[in-house]
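Asker: Counting from 101, one number per residue, gives the positions in the sequence shown under our numbering.
Just so you know, even glycine gets a beta-carbon here, dropped at the ideal spot from N, CA and C.
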Amino acid sequence: MKKRWIFWWIGNIFWIIIFVVGASIIWLRKVDGAGVTQTPELKLVALIVLLIGFILPIIIQVIWLIVNLIISSNK
Numbered sequence: 101m102k103k104r105w106i107f108w109w110i111g112n113i114f115w116i117i118i119f120v121v122g123a124s125i126i127w128l129r130k131v132d133g134a135g136v137t138q139t140p141e142l143k144l145v146a147l148i149v150l151l152i153g154f155i156l157p158i159i160i161q162v163i164w165l166i167v168n169l170i171i172s173s174n175k
C-alpha cells in the first residue's frame, strides 16, 4: 500500500472513533451540560447536530479518496 492510502485509512479510523465516542456520550447521558433532562427527541437533535459537524470531514475524506483513486489508476 502506498503511504497516501495508509494515511487515508488512519484519517478515516480517527474520524470514525471520534464520531462513535461523541454519539455514545450523547446517547448515554441522562442530563446535558445545561441541566436539561435528555429525552429521545433531544438526543436525536443532538446527534443530528453532531452529524452536521462531521459533514466537512466527510467531504474532505471523499475528495481525498477520489484523488487517491485517480493517482493510483494513472500508475
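1. Excluding five sequence neighbours on each side, which residues of the same chain lie with their C-beta closer than 6 Å to the C-beta of I155?
2. Within the same chain, show all residues whose beta-carbon is closer than 6 Å to that of L150, passing over the 5 residues directly before and after it, in chain order.
3. Does the distance from the C-beta atom of N174 to that of R104 stay below 8 Å?
4. Roughly how many angstroms separate the alpha carbons of P140 and K102, rounded to a whole number?
5. Reducing DSSP to helix, strand and coil, say where V131 ends up.
6. What residues in its chain sit with their C-beta under 8 Å from that of D132, if we drop five residues either side in the sequence?
Answerer: A quick look at the data gives this:
1. So no residue of the chain qualifies.
2. Closer than 6 Å at the Cβ level, and outside the excluded window around L150, lie G122.
3. Cβ distance not < 8 Å, so N174 and R104 don't count as in contact.
4. CA-to-CA, the gap between P140 and K102 works out to about 44 Å.
5. Three-state result, V131: strand.
6. These residues qualify, in order along the chain: Q138, L142, A146.
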